[in-house]
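**Student:**
Number of protein chains: 2
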Amino acid sequence: MKSFDKPPGCGVCHLLPVTDWNVLSDDELKVLDAGHRPYDYAAGDTVYAMGDPNRGVYCLSSGTVGIRKLDTEGNSVLLHMAYPGDVMGYRSFLAEGEHRTTAETLGPCRNCLIDSTTVSRLLGENPQLGIQFMKRATGELEQAHDSIIKGATLSNRARLAHLLLVMTKKHGRVTDDGSRSIDLPVSRRDLASMVGTRHETLSRIMGRLEEDGIASFSGRNVVVPCLDNLAAEISGSA
Amino acid sequence: MKSFDKPPGCGVCHLLPVTDWNVLSDDELKVLDAGHRPYDYAAGDTVYAMGDPNRGVYCLSSGTVGIRKLDTEGNSVLLHMAYPGDVMGYRSFLAEGEHRTTAETLGPCRNCLIDSTTVSRLLGENPQLGIQFMKRATGELEQAHDSIIKGATLSNRARLAHLLLVMTKKHGRVTDDGSRSIDLPVSRRDLASMVGTRHETLSRIMGRLEEDGIASFSGRNVVVPCLDNLAAEISGSA
DNA sequence: CGCCAGGTTGATTTCGCTCAAGCAATGTGG
DNA sequence: CCACATTGCTTGAGCGAAATCAACCTGGCG
Chain A
1 MKSFDKPPGC GVCHLLPVTD WNVLSDDELK VLDAGHRPYD YAAGDTVYAM GDPNRGVYCL
61 SSGTVGIRKL DTEGNSVLLH MAYPGDVMGY RSFLAEGEHR TTAETLGPCR NCLIDSTTVS
121 RLLGENPQLG IQFMKRATGE LEQAHDSIIK GATLSNRARL AHLLLVMTKK HGRVTDDGSR
181 SIDLPVSRRD LASMVGTRHE TLSRIMGRLE EDGIASFSGR NVVVPCLDNL AAEISGSA
Chain B
239 MKSFDKPPGC GVCHLLPVTD WNVLSDDELK VLDAGHRPYD YAAGDTVYAM GDPNRGVYCL
299 SSGTVGIRKL DTEGNSVLLH MAYPGDVMGY RSFLAEGEHR TTAETLGPCR NCLIDSTTVS
359 RLLGENPQLG IQFMKRATGE LEQAHDSIIK GATLSNRARL AHLLLVMTKK HGRVTDDGSR
419 SIDLPVSRRD LASMVGTRHE TLSRIMGRLE EDGIASFSGR NVVVPCLDNL AAEISGSA
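Protein chains in written order, with our numbering: chain A, 1 to 238; chain B, 239 to 476.
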């Protein structure tokens, strides 16, 4: 992890329009600027860990960050993935406590830390910022509820199909022959934890999906010939 | 017992100290008062349903409300339970869209509707209110993530034990002989949806718990002789 | 009464977990 | 460059758990 002496300004950040900070005035952006500091991370670095004291909120500039939680048995579950423009760590910031999750880079990342006092000040000055954060929280809540429902009603196979479908949006690209190619940013184990199954079982399910021509896996790359077939796995498996 | 000339307002609501509105000034409380309206519900009534347009946020005064979601197959999953002092419907309010969940009373309830314009006005005037709502949202998110982890790592039996343990807090009472008696506010089917299993399976698991002397079930009542034994189910089940 | 919703129980099959071995890619020290 | 350990993944066999389909209670209720 490397930090910069002279940070480039948030006011000119290419991501500004898609971040929660886009409701700030020019003056407030200067406050944000003064209170932020970018850090570069390599793949697998820990941004913050469960139990760490909160130092402020992070705004992801590039790369992908995985938000995970460890249970009492030492099991790790990948709960959420953060993408450029996303803010993380605002939960423990609000609770004024320690981090309840671990944030770990899934590849090289640039991540800006905005220190607590700056965030407090901005939240107090501009009610819109609070509403932005709130929308973010409710959006994540929506996602989490969706996960719970999928977990309660779908089979493991259908859940994997659903996960691949979701991954397509952020990590997929269309190949020459019209099929989708997805470069998964996560290991098999993490994928298994997201599906809610053991990694051995996941491996078998992938094998079956491959047999049926729904998707083919090689390493962290997945090729899906027809998205509709993948989508049919979810509704049609009942 | 004191009687009021006018119908009691939010400013004198006995729940005020524990609600999100406790950050409002006296003037703002008057605005809240003017914009709110109490409704009485019988058991099983629908407060709002998925797809309904948002009319504002609700503040539960008495009773218990279940927040559920229906998936494409018509399956219903009970996601969350609201108790007196809880605010609900703020998600679709913020999204300025239709309700994404269904709120259904699990018993007789009194629920106050605070209309959209009033909530907007209060949110704009007092940044603290936004922060309160945000804390609520992050709290619910925390709960949801906990659910996901439990769903991914625990067995069905352990999940039921966990659920009973949680229910004890709100619906349990200590009996004469020191054991806990819980009056579940939900049907077996809903309980099964919360555990993430079929109701037949839930029935069998309950039978096994009863055999092992962990809990005894009759109708919607559960008696737990020793909470520690119940807690041991969660960690001890591998 | 018959009907129905909510719940239990039974028989059968499928599924996923566990334990265990095998295998490929990568890294390390000699 | 090779022996060797390590890590991440796949495969197999056996077993226990849960889904499925079905019958059967039981307590309202018209």
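Note that the Cβ used here is the ideal one computed from N, Cα and C, for glycine as well.
Measure from the C-beta of Ile443(B) to each C-beta in chain A and report whether the shortest distance is under 8 Å.
**Tutor:** Numbered from 1 along the second sequence, position 205 holds the residue referred to as residue 443(B). No, because no Cβ of chain A sits closer than 8 Å to the Cβ of Ile443(B).
**Student:** Whole angstroms are fine: how far does the CA of Lys169(A) sit from the CA of Asp177(A)?
**Tutor:** For the purposes of this step, residue 177(A) is taken as the residue at position 177 of the first sequence. For the purposes of this step, residue 169(A) is taken as the residue at position 169 of the first sequence. Between Asp177(A) and Lys169(A), the C-alpha separation is close to 18 Å.
**Student:** Decide yes or no for the touch test of the segment 143-162 of chain A against the segment 187-203 of chain A: beta carbon pairs closer than 8 Å, at least 3 of them.
**Tutor:** Output reads yes: the segment 187-203 of chain A touches the segment 143-162 of chain A.
**Student:** When you compare the segment 286-297 of chain B with the segment 328-338 of chain B, are there three or more beta-carbon pairs, one atom per stretch, that lie closer than 8 Å?
**Tutor:** The segment 286-297 of chain B, when compared against the segment 328-338 of chain B, does touch it at the 8 Å Cβ threshold.
**Student:** Give, in chain order, every unbroken run of the beta strand (DSSP E) that is at least 3 residues long and sits entirely within the segment 79-148 of chain A.
**Tutor:** Runs of the beta strand (DSSP E) inside the segment 79-148 of chain A: 102-105, 109-115.
**Student:** Strictly by DSSP, which residues pair up with Cys59(A)?
**Tutor:** Here residue 59(A) refers to the residue found at position 59 when the first sequence is read from its first residue. Cys59(A) is bridged to Val87(A), Cys112(A).
**Student:** Kindly list the residues whose CB is nearer than 6 Å to the CB of Gly362(B), restricted to its own chain and excluding five residues on each side of it in sequence; keep chain order.
**Tutor:** Position 124 of the second sequence, counted from the start, is the residue given in the question as residue 362(B). Nothing listed; no residue qualifies.
**Student:** If you compare alpha carbons, which of Val186(A), Val65(A), Thr153(A), Leu29(A) is closest to Glu311(B)?
**Tutor:** Residue numbering aside, residue 311(B) sits at position 73 when the second sequence is read from its first letter. Measuring from the Cα of Glu311(B), the nearest candidate turns out to be Thr153(A).
**Student:** Among Val256(B), Ala469(B), His337(B), which one has its Cα closest to the Cα of Asp290(B)?
**Tutor:** Locating residue 290(B) in the second sequence gives position 52, counting from the first residue. The shortest Cα separation from Asp290(B) among Val256(B), Ala469(B), His337(B) belongs to His337(B).
**Student:** So which residues of chain A does Glu180(B) contact, with C-beta pairs closer than 8 Å?
**Tutor:** No information on residue 180(B) is available, as it lies outside the stretch 239 to 476 that chain B covers here.
**Student:** Considering only the beta carbon of each residue, do Cys347(B) and Gly304(B) sit closer than 8 Å?
**Tutor:** Here residue 347(B) refers to the residue found at position 109 of the second sequence. Here residue 304(B) refers to the residue found at position 66 of the second sequence. No, these two residues do not count as a Cβ contact at 8 Å.
**Student:** Do the CB positions of Ser417(B) and Cys350(B) come within less than 8 Å of each other?
**Tutor:** Within the second sequence, numbered from 1, the residue matching residue 417(B) stands at position 179. Within the second sequence, numbered from 1, the residue matching residue 350(B) stands at position 112. In this structure, Cys350(B) does not lie closer than 8 Å to Ser417(B) by Cβ.
**Student:** Inspect the beta-carbon positions of Asp258(B) and Leu332(B) and report whether they are closer than 8 Å.
**Tutor:** As a first step, residue 258(B) is located in the second sequence; it is residue number 20 there, counting from the start. As a first step, residue 332(B) is located in the second sequence; it is residue number 94 there, counting from the start. Not closer than 8 Å, so no.
**Student:** Is any beta-carbon of chain B found at less than 8 Å from that of Glu73(A)?
**Tutor:** On the first sequence, position 73 is the one that residue 73(A) refers to. True, the Cβ-Cβ gap to chain B drops below 8 Å.
**Student:** Any beta carbon of chain A sitting closer than 8 Å to that of Gly457(B)?
**Tutor:** The residue labelled residue 457(B) in the question sits at position 219 within the second sequence. So no, Gly457(B) is outside the interface.
**Student:** Any beta carbon from chain B within less than 8 Å of Lys2(A)'s own beta carbon?
**Tutor:** Against the first sequence, residue 2(A) aligns to sequence position 2. Bear in mind that a pLDDT of 49 at Lys2(A), under 50, signals an unreliable position, so the number given afterwards is only what the model happens to contain. By this cut-off, Lys2(A) is not an interface position.
**Student:** Nearest-angstrom Cα distance between Ile352(B) and His252(B)?
**Tutor:** Sequence index remark: in the second sequence, residue 352(B) carries index 114 (1-based). Sequence index remark: in the second sequence, residue 252(B) carries index 14 (1-based). Roughly 17 Å between the two C-alpha positions.
**Student:** Quick one: using the 10 Å Cβ neighbour count with 16 as the cut-off for buried, is Ala453(B) buried or exposed?
**Tutor:** As a first step, residue 453(B) is located in the second sequence; it is residue number 215 there, counting from the start. Its Cβ being crowded by 16 or more others within 10 Å, Ala453(B) is buried.
**Student:** Could you tell me which of Pro322(B), Glu449(B), Pro423(B) sits nearest to Pro458(B), measuring between CA atoms?
**Tutor:** To locate residue 458(B), count along the second sequence from 1; it is residue 220. It should be noted that the sequence gives Arg, not Pro, for residue 458(B). For the residues Pro322(B), Glu449(B), Pro423(B), the minimum Cα distance to Arg458(B) belongs to Pro423(B).
**Student:** Around the Cβ of Gly35(A), are there at least 16 other Cβ atoms within 10 angstroms (buried) or fewer (exposed)?
**Tutor:** Position 35 of the first sequence, counted from the start, is the residue given in the question as residue 35(A). Answer is buried; the Cβ neighbour count reaches 16.
**Student:** Among His409(B), Arg374(B), Ser425(B), which one has its Cα closest to the Cα of Gly323(B)?
**Tutor:** Taking the first residue of the second sequence as position 1, residue 323(B) is located at position 85. Nearest of His409(B), Arg374(B), Ser425(B) to Gly323(B), Cα basis: Arg374(B).
**Student:** Let me check understanding here. Comparing Cα to Cα, which of Asp283(B), Leu401(B), Gly282(B), Glu438(B) lies closest to Val462(B)?
**Tutor:** Residue mapping note: residue 462(B) aligns to position 224 of the second sequence, counting from 1. Comparing Cα-Cα distances from Val462(B) to each of Asp283(B), Leu401(B), Gly282(B), Glu438(B), the minimum goes to Leu401(B).
**Student:** Run through DSSP, which three-state label would Asn221(A) get?
**Tutor:** Translated into positions along the first sequence, residue 221(A) becomes position 221. If DSSP states are grouped into helix, strand and coil, Asn221(A) belongs with the strands.
**Student:** By DSSP, does Val31(A) sit in helix, in strand, or in coil?
**Tutor:** For the purposes of this step, residue 31(A) is taken as the residue at position 31 of the first sequence. Here Val31(A) sits in helix by DSSP.
**Student:** Count the other CB atoms, across all protein chains shown, that sit within 10 Å of the CB of Pro127(A); report buried if there are 16 or more and exposed otherwise.
**Tutor:** For the purposes of this step, residue 127(A) is taken as the residue at position 127 of the first sequence. Pro127(A) is buried by the Cβ-count criterion.
**Student:** Could you give the first and the last residue of the continuous alpha helix (DSSP H) run that contains Thr439(B)?
**Tutor:** Numbered from its first residue, the second sequence carries residue 439(B) at position 201. Unbroken alpha helix (DSSP H) run through Thr439(B): 437-449.
**Student:** With 8 Å as the threshold, decide whether the Cβ of Ala470(B) is near any Cβ in chain A.
**Tutor:** Within the second sequence, the letter at position 232 stands for residue 470(B). Taking Cβ atoms only, chain A never reaches closer than 8 Å to Ala470(B), which makes this a no.
**Student:** By alpha-carbon positions, which one of Val250(B), Leu316(B), Pro255(B) ends up nearest to Thr484(B)?
**Tutor:** Residue 484(B) is absent from the model: chain B starts at 239 and stops at 476.
**Student:** Using a Cβ-Cβ distance cut-off of 8 Å, determine whether His383(B) contacts chain A.
**Tutor:** Within the second sequence, the letter at position 145 stands for residue 383(B). Cβ-Cβ to chain A under 8 Å: yes for His383(B).
**Student:** Could you give the distance in angstroms between the alpha-carbon of Ala238(A) and the alpha-carbon of Ala232(A)?
**Tutor:** Here residue 238(A) corresponds to residue number 238 of the first sequence, with the count starting at 1. Here residue 232(A) corresponds to residue number 232 of the first sequence, with the count starting at 1. With a pLDDT of 41 at Ala238(A), under the threshold of 50, the modelled position of that residue is not reliable, and the figure given next carries that caveat. Going by the C-alpha atoms only, they are around 11 Å apart.
**Student:** Using the beta-carbon count (16 or more within 10 Å), is His409(B) buried or exposed?
**Tutor:** Counting from one through the second sequence, the residue named residue 409(B) turns up at place 171. His409(B) comes out buried.
**Student:** For a contact defined as C-beta to C-beta under 9 Å, what are the partners of Ala333(B) on chain A?
**Tutor:** Residue 333(B) sits at position 95 when you count from the first residue of the second sequence. Neighbours of Ala333(B) on chain A, chain order: Lys135, Thr138, Gly139, Glu142.
**Student:** Can you name the residues that DSSP bridges to Thr46(A)?
**Tutor:** As a position in the first sequence, residue 46(A) is number 46, starting the count at 1. Its beta-bridge partners are Glu104(A).
**Student:** Return yes when the Cβ of Arg306(B) is within less than 8 Å of the Cβ of Thr356(B), no when it is not.
**Tutor:** For this step, residue 356(B) is matched to residue 118 along the second sequence. For this step, residue 306(B) is matched to residue 68 along the second sequence. Not closer than 8 Å, so no.
**Student:** Is Thr175(A) buried or exposed, if buried means 16 or more other CB atoms sit within 10 Å of its CB?
**Tutor:** Locating residue 175(A) in the first sequence gives position 175, counting from the first residue. Thr175(A) should be labelled exposed.
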